[in-house]
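Enquirer: Quick note, the sequence shown lines up with residues 69 to 620 if you use the working numbering. Backbone N, C-alpha and C fix where the C-beta goes; we use that ideal spot for every residue, glycine too. Since the model is a prediction, treat every value here as computed from it, not as a measurement.
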Amino acid sequence: MPNGRSLRAVLLLSILLCAAALPAARAAAQASQRCFAETGLCIAGRMRTFWEQNGGLAVFGLPISEQRAEQVEGRSLQVQWFERNRLELHPENPRPYDVLLGRLGADRLAQQGRDWFQFARGAERPGCRYFAETGQSVCGDILAAWRAHGLELDGRRGTSEAESLALFGLPLSPAQAETIGGAEYTVQWFERARFELHPENAPPYNVLLGLLGHEVSAEVCGPPVPPGPGMWVSRAELARLPMAGPAWSQLKAAADGKLGKPEIADQDSNHDVRTLAVALAYARTGEPGYRAKAAGAVLAAIGTEQGDRTLALGRNLIAYIIAADLIDLKGYDPAGEQRFREWLAGVRYANLDGRTLISTHEKRPNNWGAHAGASRIAADIYLGDRDDLERAAQVLRGWLGDRAAYAAFEYDGDLSWQADPANPVGVNPAGATRDGHRIDGAIPDDMRRGGEFRWPPKRTNYPWGALEGALAQAELLARAGYDPWSWSDRALLRAAEFLYETDREVGGWWAEGDDEWMPWVINHAYGASFPQALPARPGKNLGWSDWVYGCR
């Protein structure tokens, strides 16, 4: 039996041997990688061998992502993005089919809203290769480039047509002029590539493959993440959103542009929603300039509420509060944030034309009250005022139809749109009808702005104004731990359905203009599929939902 000294010697020798082995193992792992200084990324294992054996830089380009798990057609796969394509590992397949290519040509056309079935088709032409499957011909320099590369399938020298087809896929379009990167080129789309003629280059570089990996991945959503600590959305949630496409482009243009004059008292001011765009741009990119711009805009709004009604305050305050949360104003400017916080605590009780933000929320059962409630709730969450937040939640619950939760609203005169005029509510109950017409989900106190009940109803946009505030209230409360989307038989979904069905029946009732942002919120909350504009104009109090909720 070994004594204590010999046992310690054995243990020490084992530790030294393991320590010596670690650098060797690390070196072996590094040796299996091929890294690129241009992007700071590496390829390894099967991805590397496939890349090197099937065209390398000319065909696939540089890596632009690490190898990672992504959802592809409903499956979780290990993928790696390159400038010109996406490689997918399919270990269940025998080689060489254990690595497959993304159909990025078809994917990019779909992103652009272009149906390749609509491209003009032709007949066979001399000197060209005709593909009956798609009705397209490949000719000249593009045909030569197509035939010059392919996936290695048979181990023989040269490239067979089957190997070219496996790499690039079928042609989807004729050769045609298109603008790429601000310049016009003759291009031809294939399932997995876009061939571009560059006559300014000497052969073989006169035909290049488009950077579809860059273009498609920029508009691809990252994997879903659970809700983070943000009062509306967290930086972690925003990190998965694409920085390309019409929604991002619209947001970034607003963030980069002039914000205008901060004036909360102007109910039509857009300074607040543009400030929110800047804050979202910072939260996504981390660029310090956006943070400074948003902070300056938030602080500049302090005190500008004087001189108008609580409608303007209700519309314009919420975006500044969310912006302050997104940029962590306290961490950026502690003194400025303290000034903002003190003002915010008091502005809820500021008397504007005989009303306060809180009294407007609790008395007005219409768009005024809904907007006031949204800004009230945002302020409560930012300040950590749980008591007033609970009160505000009960007010919304009552407006949605639960009179046991709250019923102290003041209804003016015309109750003809109410399902039960003796017990009026903000949103009519499920199943409500009048004179044979469905009024389930109607917002009575705003429908009356178009006149007394009649069918078809006279067009008025006020119901969308009420939804604008109510949806903002619901989203903030949901993030704070409440379940407003289910209250009163999913009242907010029913309100949207009423407007949608009325639009289908008589026309002119669906979201347009600065109401376009709301269907994105409703679809996100309920998994619904109401029509959505893209890009969607931001609203009177919030916006940019086509980007924030663009990934499901």
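Pull up the distance between the alpha-carbon of Gly422 and that of Gly375, whole angstroms please.
Expert: Mapped onto the sequence shown, residue 422 falls at position 354. Mapped onto the sequence shown, residue 375 falls at position 307. The alpha-carbon atoms of Gly422 and Gly375 are separated by roughly 12 Å.
Enquirer: Please list, in chain order, all residues of the same chain as Arg189 whose beta carbon is under 7 Å from its beta carbon, the five residues on each side excluded.
Expert: Looking up residue 189 in the sequence shown gives position 121. Gly203 and Gln204.
Enquirer: What first and last residue would you give for the beta strand (DSSP E) that runs through Ala112?
Expert: Within the sequence shown, the letter at position 44 stands for residue 112. Per DSSP, Ala112 belongs to the beta strand (DSSP E) from Leu109 to Ala112.
Enquirer: Tell me Ile449's beta-bridge partners as DSSP assigns them.
Expert: By one-based count along the sequence shown, residue 449 stands at place 381. Bridge partners of Ile449: none, in fact.
Enquirer: Rounded to the nearest angstrom, what separates Arg182 and Leu280 at their Cα positions?
Expert: To locate residue 182, count along the sequence shown from 1; it is residue 114. To locate residue 280, count along the sequence shown from 1; it is residue 212. The straight-line gap from Cα to Cα measures roughly 15 Å.
Enquirer: Would you mind listing the alpha helix (DSSP H) stretches within the segment 342–382 that are 4+ residues and don't spill past its ends, in chain order?
Expert: Entirely contained in the segment 342–382, the alpha helix (DSSP H) runs reaching 4 residues are, in chain order, 356–368.
Enquirer: For Lys608, which of Asp582, Gly518, Gly441 and Ala542 has the nearest alpha-carbon?
Expert: Here the question's residue 608 lines up with position 540 in the sequence shown. Of the candidates Asp582, Gly518, Gly441 and Ala542, the one whose C-alpha sits nearest the C-alpha of Lys608 is Asp582.
Enquirer: For Asp324 versus Pro433, is the C-beta spacing smaller than 8 Å?
Expert: Counting from 1 along the sequence shown, the entry for residue 324 is found at position 256. Counting from 1 along the sequence shown, the entry for residue 433 is found at position 365. Cβ distance not < 8 Å, so Asp324 and Pro433 don't count as in contact.
Enquirer: Could you tell me which of Gly519, Arg262, Ala251 and Leu544 sits nearest to Ala174, measuring between CA atoms?
Expert: As a first step, residue 174 must be located in the sequence shown, where it is residue number 106. That would be Arg262, whose Cα lies nearest to the Cα of Ala174.
Enquirer: Is Trp149 helix, strand or coil by DSSP?
Expert: The residue given as residue 149 occupies position 81 in the sequence shown. DSSP places Trp149 in strand when its eight states are reduced to three.
Enquirer: Run through DSSP, which three-state label would Glu478 get?
Expert: Within the sequence shown, residue 478 is the residue found at index 410, counting from 1. Residue state, collapsed to three classes: coil.
Enquirer: Between Leu306 and Asp480, what straight-line distance do the alpha-carbon atoms span, to the nearest angstrom?
Expert: In the sequence shown, the residue the question calls residue 306 occupies position 238. In the sequence shown, the residue the question calls residue 480 occupies position 412. Distance between the alpha carbons of Leu306 and Asp480 is about 43 Å.
Enquirer: Roughly how many angstroms lie between the CA atoms of Cys619 and Pro291, to the nearest whole one?
Expert: In the sequence shown, residue 619 corresponds to position 551, counting from 1. In the sequence shown, residue 291 corresponds to position 223, counting from 1. Each residue's Cα considered, the two are about 9 Å apart.
Enquirer: Taking the straight line between their C-alpha atoms, what separation do you get for Asn102 and Ile132?
Expert: Residue numbering aside, residue 102 sits at position 34 when the sequence shown is read from its first letter. Residue numbering aside, residue 132 sits at position 64 when the sequence shown is read from its first letter. The sequence as given places Arg at residue 102; Asn does not occur at that position. Cα to Cα, Arg102 sits roughly 13 Å from Ile132.
Enquirer: Does the distance from the C-beta atom of Leu219 to that of Ala234 stay below 8 Å?
Expert: For this step, residue 219 is matched to residue 151 along the sequence shown. For this step, residue 234 is matched to residue 166 along the sequence shown. Yes, they are a contact pair.
Enquirer: With 16 other CB atoms within 10 Å as the buried threshold, where does Leu610 fall?
Expert: Here residue 610 refers to the residue found at position 542 of the sequence shown. That one is buried.
Enquirer: For Pro606, count the other beta carbons within 10 Å of its own beta carbon; 16 or more makes it buried, fewer makes it exposed. Which is it?
Expert: Here residue 606 refers to the residue found at position 538 when the sequence shown is read from its first residue. So Pro606 ends up on the buried side.
Enquirer: Between Pro159 and the rest of its own chain, which residues show a CB-CB distance below 6 Å, the 5 nearest in sequence each way excluded?
Expert: In the sequence shown, counting from the first residue as 1, residue 159 sits at position 91. Here the set comprises Asp166.
Enquirer: Could you pull out every residue in the same chain whose Cβ sits closer than 6 Å to the Cβ of Tyr198, ignoring the five residues on either side in sequence?
Expert: The count along the sequence shown starts at 1 and reaches residue 198 at position 130. So the qualifying residues of the chain are Glu192 and Ser205.
Enquirer: Looking only at C-alpha atoms, which of Gly113, Glu106, Ile332 and Asp470 sits nearest to Asn491?
Expert: Counting from 1 along the sequence shown, the entry for residue 491 is found at position 423. When only C-alpha atoms are compared, the closest one is Asp470.
Enquirer: Beta strand (DSSP E) containing Ile248: first to last residue?
Expert: The residue you call residue 248 lines up with position 180 of the sequence shown. Element bounds for Ile248: Gln244 to Ile248.
Enquirer: Under a Cβ-count criterion, where at least 16 other Cβ atoms within 10 Å of its own Cβ denotes burial, should Ser232 be classed as buried or exposed?
Expert: Along the sequence shown, one-based indexing puts residue 232 at 164. Looking at its Cβ environment, which holds 16 or more other Cβ atoms inside 10 Å, Ser232 is buried.
Enquirer: Three-state secondary structure (DSSP) at Asp513?
Expert: In the sequence shown, counting from the first residue as 1, residue 513 sits at position 445. In this structure, Asp513 counts as helix in the three-state DSSP scheme.
Enquirer: Leu90 to Ser100, Cα distance in whole Å?
Expert: Here residue 90 refers to the residue found at position 22 when the sequence shown is read from its first residue. Here residue 100 refers to the residue found at position 32 when the sequence shown is read from its first residue. Per-residue confidence for Leu90 stands at a pLDDT of 40, beneath the threshold of 50, marking its modelled position as unreliable; the derived number appears in the next sentence. Roughly 16 Å separates the two Cα atoms.
Enquirer: Looking only at C-alpha atoms, which of Arg547, Ala534 and Tyr550 sits nearest to Ala564?
Expert: Stepping through the sequence shown from its first residue, residue 564 is reached at position 496. Among Arg547, Ala534 and Tyr550, the Cα nearest to that of Ala564 belongs to Ala534.
Enquirer: Indicate whether Leu425 and Ala413 have their beta-carbon atoms separated by less than 8 Å.
Expert: Here residue 425 refers to the residue found at position 357 when the sequence shown is read from its first residue. Here residue 413 refers to the residue found at position 345 when the sequence shown is read from its first residue. Cβ atoms of Leu425 and Ala413: not closer than 8 Å.
Enquirer: Since Thr501 sits in a beta bridge, which residues does DSSP pair it with?
Expert: Here residue 501 is taken as the residue at index 433 of the sequence shown, counted from 1. For Thr501, which the question treats as bridged, DSSP gives the partners Arg506.
Enquirer: Is the Cβ-Cβ distance between Asn153 and Leu169 less than 8 Å?
Expert: For the purposes of this step, residue 153 is taken as residue 85 along the sequence shown, with counting starting at 1. For the purposes of this step, residue 169 is taken as residue 101 along the sequence shown, with counting starting at 1. Yes, the pair counts as a contact, with Cβ atoms nearer than the cut-off.
Enquirer: Entirely within the segment 531–600 and at least 4 residues each: give me those alpha helix (DSSP H) ranges in chain order.
Expert: List check, alpha helix (DSSP H) in window: 555–574 and 586–594.
Enquirer: In whole angstroms, what is the alpha-carbon distance linking Phe521 and Glu259?
Expert: Counting from one through the sequence shown, the residue named residue 521 turns up at place 453. Counting from one through the sequence shown, the residue named residue 259 turns up at place 191. Computed Cα separation, rounded: 55 Å.
Enquirer: Please identify the residue among Arg342, Ser302 and Leu381 whose C-alpha is closest to the C-alpha of Asp334.
Expert: For the purposes of this step, residue 334 is taken as residue 266 along the sequence shown, with counting starting at 1. For Asp334, the nearest C-alpha among the options comes from Leu381.
Enquirer: Going by beta carbon distance, what residues of the same chain come within less than 7 Å of Tyr388, once the five residues before and after it are set aside?
Expert: Locating residue 388 in the sequence shown gives position 320, counting from the first residue. Here the set comprises Asp340, Thr343, Val366 and Ala369.
Enquirer: Any idea if Gly123 is buried or exposed, counting beta-carbon neighbours within 10 angstroms, 16 or more meaning buried?
Expert: Residue 123 sits at position 55 when you count from the first residue of the sequence shown. Its Cβ being crowded by 16 or more others within 10 Å, Gly123 is buried.
Enquirer: Given a cut-off of 8 Å, decide if Leu602 and Ala362 are closer than it, judged by their beta-carbon atoms.
Expert: Locating residue 362 in the sequence shown gives position 294, where the first residue counts as 1. Locating residue 602 in the sequence shown gives position 534, where the first residue counts as 1. Not in contact: Ala362 and Leu602 (Cβ atoms no closer than 8 Å).
Enquirer: Measure the C-alpha to C-alpha separation of Asn529 and Gly364 and round it to an integer number of angstroms.
Expert: Position 461 of the sequence shown, counted from the start, is the residue given in the question as residue 529. Position 296 of the sequence shown, counted from the start, is the residue given in the question as residue 364. Answer to the nearest angstrom: the Cα atoms are 34 Å apart.
Enquirer: Select from Ala251, Gln121, Phe187 and Glu252 the residue whose C-alpha is nearest the C-alpha of Asp222.
Expert: Along the sequence shown, one-based indexing puts residue 222 at 154. Considering only alpha carbons, the answer is Gln121.
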